[in-house]
């Protein structure tokens, strides 16, 4: 059992992976991610790509809400900004996908900075209402601007790498998953820096943070910018994945989906954002597979559809009641139990 570590330098103390066990599990996880697309069906590859997109966006929202304490219901709007930017650049100019994704993140970042300006004056539910207003404004622009294709939206060609079109889930997997991993790794490193610690200080007590010399407006705007950048890149991946972008692609319900994901997974935790996105994406599909196995044919499936939704809702409520700190805390408890179990009386 690992009960402590001896750090002999600041670099060792700040290391992201500070034990051989962590590095081994990281290598195993990387190997599984590489082998997965060769063993999985198209259906599970589709879900894997969708999970990766949701993990990227949930990680961005966790930076803002979980680590900085700023409630946002505008994540879908920022994803829409990124998706439309990618679609416009792809259809009009044919620019490379890497440049398009970066541009989608930057445009969403600019939108996040604008939306984040009221955060100095308002917080909590008031800030959430401000972000909802931003979502409605973004939806209006998507549906009425000629550049975005109006209510019809935009259709786009698949991304290409060295002339190879990424037009299947298998090929898109090798674009979406690596980008997601880079984003998660970047977020994990962020909170080992002065900027990330400033975010946490603002979350814990913004008045005390200001007294300590942390500029509140700049810190909050930076958090909005980073969160929106993540959403914009995730929206760009979403556009390449589905290849059709419409105003209805990014409803307010999607923002609630991501907020629920980080709450169920565990706010203020990189692992929480990952587990929450996986839970919110896969559990409805798993419930669908289970209910489809029940006898009764199509009529019974239609009848049980609302029941499946209720069961999913009860699962979310159950997690909030029995483990308010989310799936990440549940995982930590499991790890502590098995570490201590051989030594328990």
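In the numbering used here, the protein residues as written are 146 to 490. C-beta atoms are modelled at their ideal positions from N, C-alpha and C, and glycine is treated no differently.
Using the Cα positions of residue i and residue j, report the straight-line distance between them to the nearest angstrom.
i	j	result
residue 146	residue 346	Only weak support is given to the placement of residue 146: the predicted model assigns it a pLDDT of 42, under 50, and the value that follows is read from those uncertain coordinates. Looking at the two C-alpha atoms, the distance is approximately 32 Å.
residue 305	residue 354	46 Å
residue 194	residue 313	11 Å
residue 439	residue 422	27 Å
residue 337	residue 241	32 Å
residue 349	residue 343	10 Å
residue 173	residue 295	46 Å
residue 283	residue 225	8 Å
residue 218	residue 262	15 Å
residue 324	residue 400	21 Å
residue 307	residue 243	13 Å
residue 373	residue 339	20 Å
Would you list the one or two residues that DSSP bridges to residue i?
i	result
residue 300	389
residue 310	305
Where do the ends of the alpha helix (DSSP H) carrying residue i lie?
i	result
residue 468	Taken as a continuous stretch (DSSP letters only), residue 468 belongs to no alpha helix (DSSP H), as it is neither H nor E.
residue 440	Residue 440 -> no alpha helix (DSSP H), and no H or E assigned at all.
residue 342	339-349
residue 168	165-184
residue 245	242-261
residue 227	220-233
residue 289	270-289
Does the separation of the CB atoms of residue i and residue j fall below 7 Å?
i	j	result
residue 381	residue 223	no
residue 333	residue 254	no
residue 285	residue 293	no
residue 322	residue 197	yes
residue 410	residue 471	yes
residue 215	residue 280	no
residue 386	residue 317	yes
residue 329	residue 204	yes
residue 260	residue 276	yes
- Specify whether the segment 176-188 and the segment 345-364 touch according to this definition: at least 3 beta carbon pairs, one from each stretch, less than 8 Å apart. No, the segment 176-188 is not in contact with the segment 345-364.
- Task: Say whether the segment 397-408 touches the segment 234-252, bearing in mind that this needs 3 or more beta-carbon pairs closer than 8 Å, one atom from each stretch.
- Result: As far as the Cβ criterion goes, the segment 397-408 does not touch the segment 234-252, which means the pair count is below three.
- Would you say the segment 200-211 touches the segment 411-418, given that touching needs at least three Cβ pairs under 8 Å? yes
- For the segment 225-232 and the segment 385-392, state whether three or more C-beta atom pairs, one from each stretch, are separated by less than 8 Å. Touching, per the Cβ criterion.
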